[in-house]
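For reference, the structure is listed below as structure tokens.
Protein chains: 2
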Amino acid sequence: MGVTERKEREKLEMRELITAAAMKMFLEDGYAKTSIRGIADAIEYSPGTIYLYFKDKDELLYEVQANAYGRLLDVFKKEATSTDPLKKLNQIARAYINFGLNNQELYDLMFIIRAPMNVDEELHKVNGANCLNFLIDCLTDCINKDLLRMNDVQQATLQIWSTVHGLVSLNLRCRLKIIVESEETVPQVLIKTMEDYLLAVTK
Amino acid sequence: MGVTERKEREKLEMRELITAAAMKMFLEDGYAKTSIRGIADAIEYSPGTIYLYFKDKDELLYEVQANAYGRLLDVFKKEATSTDPLKKLNQIARAYINFGLNNQELYDLMFIIRAPMNVDEELHKVNGANCLNFLIDCLTDCINKDLLRMNDVQQATLQIWSTVHGLVSLNLRCRLKIIVESEETVPQVLIKTMEDYLLAVTK
DNA sequence: TTTGAATACTGAACATTGTTCATTATATTT
DNA sequence: AAATATAATGAACAATGTTCAGTATTCAAA
Chain Y
2 MGVTERKERE
12 KLEMRELITA
22 AAMKMFLEDG
32 YAKTSIRGIA
42 DAIEYSPGTI
52 YLYFKDKDEL
62 LYEVQANAYG
72 RLLDVFKKEA
82 TSTDPLKKLN
92 QIARAYINFG
102 LNNQELYDLM
112 FIIRAPMNVD
122 EELHKVNGAN
132 CLNFLIDCLT
142 DCINKDLLRM
152 NDVQQATLQI
162 WSTVHGLVSL
172 NLRCRLKIIV
182 ESEETVPQVL
192 IKTMEDYLLA
202 VTK
Chain F
2 MGVTERKERE
12 KLEMRELITA
22 AAMKMFLEDG
32 YAKTSIRGIA
42 DAIEYSPGTI
52 YLYFKDKDEL
62 LYEVQANAYG
72 RLLDVFKKEA
82 TSTDPLKKLN
92 QIARAYINFG
102 LNNQELYDLM
112 FIIRAPMNVD
122 EELHKVNGAN
132 CLNFLIDCLT
142 DCINKDLLRM
152 NDVQQATLQI
162 WSTVHGLVSL
172 NLRCRLKIIV
182 ESEETVPQVL
192 IKTMEDYLLA
202 VTK
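Residue numbers (the working numbering), protein chains in the order written: chain Y, 2 to 204; chain F, 2 to 204.
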């Protein structure tokens with residue numbers, strides 16, 4: 002009696018259909034400007050149907066967030082491959098900044114948008130934590146080999162994450178217009194600033 | 002014929018009445034959860050009246066933002082008084098972080114909330130720029146006296162602002178829960194992290 | 001003081017939002 | 001074929017920002 006299995010599968014497929022449409026629209030127009038009705042239209046279902054698969058719009062956001070964390074982790078794994086801990090740290094930071102610049106709406110909903118973070122969904126926590134661990138592992142390596150002017154991994158993590166998140170999010174909210182003269186140079190300036198920082202904290 | 006002057010004054014007073022009510026409600030409940038109707042109720046006017054003084058809800062936000070920048074500048078002037086450039090830098094950074102921790106909703110609408118930053122209102126730009134200049138002046142001083150491991154003021158500004166903004170905003174969005182074990186220690190941890198950073202970039 | 005015009009304010013109305021739920025359609029089991 | 005369970009609908013609700021025809025108030029001229 003494989004009918005329950007099929008139902009299960011169909012339920013998952015429907016969730017993915019909705020998630021994919023939501024992800025697409027969030028990416029294009031942002032979370033706030035995307036309406037449930039819009040998503041329903043896109044997948045040719047009625048608005049009510051979405052609520053059979055997701056409790057509310059926030060839960061839809063969490064699902065997309067979890068996916069996005071997965072994407073970022075993929076980028077890390079692809080871009081940060083050096084065996085030299087310091088080089089790897091540089092690669093991670095570069096990848097993070099570029100990800101934030103190239104996927105602005107996505108970055109927005111991953112780290113900036115307001116949404117109650119009392120989620121303990123497995124996928125969500127796992128993907129998010131894996132991203133962070135990628136950085137933590139690298140920093141642990143750096144500190145163990147005495148390459149940085151820091152000795153506490155927790156504080157090193159906070160420092161570097163704050164720096165790159167600060168750069169990306171200030172730019173995303175157009176707060177760097179006062180500092181950086183021309184729009185086009187932003188990516189270079191952000192990368193350069195981050196590298197200057199890394200140089201300063203390197204022994 | 003002082004009638005036009007009085008009208009002018011009344012118009013300004015009305016704007017301030019609205020702004021004050023808005024500020025109060027933004028602070029308590031945040032920008033998104035504050036409705037125009039709510040503000041109108043609070044000042045005992047009809048919703049439509051507010052639109053006689055402000056183009057839309059965003060313009061109201063700008064006004065409150067400008068005020069808030071002024072507040073932050075006041076804090077800087079009060080807290081960062083040392084004549085030693087490095088100490089002053091430390092005081093600025095501390096003041097910034099504490100401001101962000103003690104006025105979360107305010108910080109939110111100043112730096113995190115989404116709102117088109119194509120404003121060229123005098124007050125807005127002036128207050129925002131003055132805040133930034135307070136930092137820039139201090140950093141210029143530090144660099145001129147060769148106290149930091151940086152030589153470019155612009156990049157130093159970006160670095161330090163990104164760091165403190167990153168710390169405050171990641172905490173505001175509950176992204177530090179994974180790193181910092183207990184809620185209460187957050188302020189100390191943020192300050193400590195910032196100071197570690199300053200130590201690392203100090204010659 | 002009375003009148004006419006300019007100004008200030010109102011609140012009902014509109015479109016859009018997230019969300020719910022009685023009703024209808026489809027699929028499964030008996 | 002009938003009865004039951006599951007899935008999907010779409011009208012309805014309350015709340016939102018915003019507009020605007022109508023009403024009240026204030027002011028300058030007669």
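We put the CB at the ideal spot given by N, CA and C, even for glycine.
- Shown here for V181 of chain F: same chain residues with a beta carbon closer than 6 Å to its own, the five before and five after excluded, namely V187, V190 in chain order.
- Beta-bridge partners of L73 of chain F (DSSP): none assigned.
- Within chain Y, the residues whose beta carbon sits less than 7 Å from that of A130 of chain F are I179, listed in sequence order.
- Against chain Y, a Cβ distance below 8 Å from L133 of chain F picks out I179, I180.
- Taking a Cβ-Cβ cut-off of 8 Å, L102 of chain Y has no neighbours in chain F, whose nearest Cβ is about 14 Å from it.
- At a Cβ-Cβ threshold of 8 Å, L62 of chain F and I44 of chain F do not count as neighbours.
- Neighbourhood of Q156 of chain F in chain Y, by CB distance below 8 Å: V190, K193, T194, D197, in chain order.
- Under the DSSP assignment, N103 of chain F falls in the alpha helix (DSSP H) whose first and last residues are 86-103.
- Beta bridge pairing from DSSP links T35 of chain Y with no other residue.
- Annotation for F27 of chain Y: the continuous alpha helix (DSSP H) segment containing it runs 4-30.
- At a C-beta separation below 8 Å, S170 of chain Y has these neighbours in chain F: I113, H166, G167, S170.
- Excluding five sequence positions before and after I144 of chain F, the CB atoms of its chain that fall closer than 7 Å to its own CB belong to M151, N152, V154, A157, given in chain order.
- Apart from the 5 residues on each side of it in sequence, L148 of chain F sits with its Cβ closer than 7 Å to the Cβ of P86, L87, T203, K204 in its chain, given in chain order.
- L149 of chain F carries a strand assignment under DSSP once its states are collapsed to helix, strand and coil.
- In the DSSP annotation of this structure, S47 of chain F is not part of any alpha helix (DSSP H), being labelled neither H nor E.
- Taking a 10 Å sphere around the C-beta of E64 of chain Y, we find 16 or more other C-beta atoms and assign the residue as buried.
- At a Cβ-Cβ threshold of 8 Å, L90 of chain F and L28 of chain F do not count as neighbours.
- If you check the CB distance, A94 of chain F and L159 of chain F do not come in under 8 Å.
- The CB of V202 of chain Y comes closer than 8 Å to the CB of Y198, A201, V202 in chain F, given here in chain order.
- Taking the beta carbon of S183 of chain Y as reference, no residue of chain F falls within 8 Å; the closest one sits roughly 13 Å away.
- If you check each beta-carbon in the segment 65-94 of chain Y against every beta-carbon of chain F, none falls closer than 9 Å.
- The Cβ atoms of I161 of chain Y and L133 of chain Y do not sit closer than 8 Å to each other.
- Here DSSP, grouped into helix, strand and coil, assigns T82 of chain Y to coil.
- Excluding its 5 nearest sequence neighbours in each direction, V165 of chain Y has C-beta neighbours in its own chain below 8 Å: A94, Y97, I98, G101, M195, listed in chain order.
- Using a 10 angstroms sphere on the CB of V169 of chain F, the tally of other CB atoms reaches 16 or more, which defines it as buried.
- Neighbourhood of M26 of chain Y in chain F, by CB distance below 7 Å: empty, with the nearest CB roughly 16 Å away.
- In this structure R16 of chain F is in contact with Y54 of chain F, their Cβ atoms being roughly 5 Å apart against a cut-off of 8 Å.
- Using beta-carbon distances, L107 of chain Y does not count as an interface residue toward chain F, since no partner is under 8 Å.
- At least one CB atom of chain Y sits nearer than 8 Å to the CB of R150 of chain F.
- When only Cα atoms are considered, K178 of chain Y and S163 of chain Y end up about 20 Å apart.
- Assignment of beta-bridge partners to T203 of chain F by DSSP yields F:L149.
- Within the same chain, and ignoring the five residues on either side of K25 of chain Y in sequence, the residues whose Cβ sits closer than 8 Å to its Cβ are A43.
- By the Cβ-count criterion, G167 of chain Y is buried, with 16 or more other Cβ atoms from all chains shown falling within 10 Å of its own Cβ.
- About 7 Å separates the beta carbons of R174 of chain F and F112 of chain Y, which is inside the 8 Å limit, making them a contact pair.
- Annotation: S36 of chain Y has no Cβ neighbours in chain F at a cutoff of 9 Å; minimum Cβ distance is about 16 Å.
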